[in-house]
Amino acid sequence: MLQAMILEVALIDVVPGQEDQFAAAYRTARPVLTGTEGCRSVRMTRGVESPSRFVLLVEWDSVEAHLKNFRDTERFVEWRALIGPHFANPPLVEHFLDVPAEQS
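The numbering used here puts the first residue of the sequence shown at 715, with every later residue one more than the last.
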């Protein structure tokens, strides 16, 4: 049986007027994240009603994969150096598990 995937959700508020620069920085930084062991997928979305708000969705093998393979490494330092200058404030980051559609 496959291990349950963990979804990291990061709510990112960008300095108004820097949205395009943030998106460009994300495109540059994305391979740093996607190349991390345990990272299954990465998706960035942008708010329609709040265009300075972005949501990063990352699927990980586990919370430990996120923390040990990314957050506690130079990969995170590189990632943050690229995208961090555009943050209006620190992102809100949480981990989630899927709710099964059917009871097993």
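Don't be surprised by glycine CBs; every beta carbon is placed ideally from N, CA and C.
Asked: Own chain residues within Cβ distance below 6 angstroms of F790, not counting five before or after; Found: F784
Asked: Through-space distance from H800 to V729, alpha-carbon basis; Found: 6 angstroms
Asked: Burial state of F768 (16 or more Cβ within 10 Å); Found: buried
Asked: contact_flag[the segment 726-745, the segment 761-776] where n(CB pairs < 8 angstroms) is 3 or more; Found: yes
Asked: Three or more C-beta pairs below 8 angstroms linking the segment 773-782 and the segment 733-741; Found: no
Asked: From P745, Q735, L725, residue whose alpha carbon lies closest to that of W793; Found: P745
Asked: Of the residues V807, F810, N803, I797, the one placed nearest D734, counting alpha carbons only; Found: I797
Asked: Completely contained alpha helix (DSSP H) runs for the segment 721-789, where each covers 4 or more residues; Found: 733-748, 777-780
Asked: Nonlocal neighbours in the same chain, by C-beta distance under 6 angstroms from H809, ignoring five residues either side; Found: I720, E722, V777
Asked: Closest residue to C753 among V762, L771, R760 (Cα-Cα distance); Found: L771
Asked: Alpha-carbon spacing of A802 relative to P814, whole angstroms; Found: 35 angstroms
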